[in-house]
Amino acid sequence: SSQRFHDWLYSHRVFGPPLQQWKEYGVIPVRAKVVAIATMAASLLYMFAFAEMALWIRAVTLLLMAVGAGFILSQPSRRPDER
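Heads up, the final residue of the sequence shown is numbered 96 in this note's numbering, and it's a clean run with no missing numbers.
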């Protein structure tokens, strides 16, 4: 939505390279996968341990996070020319 923000993000020294690899090759670096899955697991643990909600909400949340984790894990971790 903001070209200025887009340009800043893609030229950022930390965020730029992974974003460019995702855009060009559909790559999710291993470190990003670990952080994403760990964050999802921590959220689920918190939800099941402390949040009071209906069982069906917990089940749907677990299912959606499992689908998200499956997608993350199914993406390549390296560019085709690095394999």
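Cβ atoms here follow ideal geometry from the backbone N, Cα and C, with glycine treated the same way.
A quick note: this is a predicted structure, and the numbers were derived from the prediction, not measured.
Buried or exposed (CB count within 10 angstroms, at least 16 for buried), residue i
i, result
"Q34", "buried"
Continuous alpha helix (DSSP H) stretch holding residue i: start and end
i, result
"D94", "Note, D94: premise wrong, no alpha helix (DSSP H); not H, not E."
"G39", "Unbroken run through G39: none, as it is neither H nor E."
"M78", "68–87"
Alpha-carbon to alpha-carbon, residue j and residue i
i, j, result
"V80", "E95", "27 Å"
"E65", "R71", "10 Å"
"R17", "P30", "17 Å"
"M53", "E37", "26 Å"
"H19", "R92", "22 Å"
"S14", "W21", "13 Å"
"V43", "A67", "34 Å"
"A82", "V73", "14 Å"
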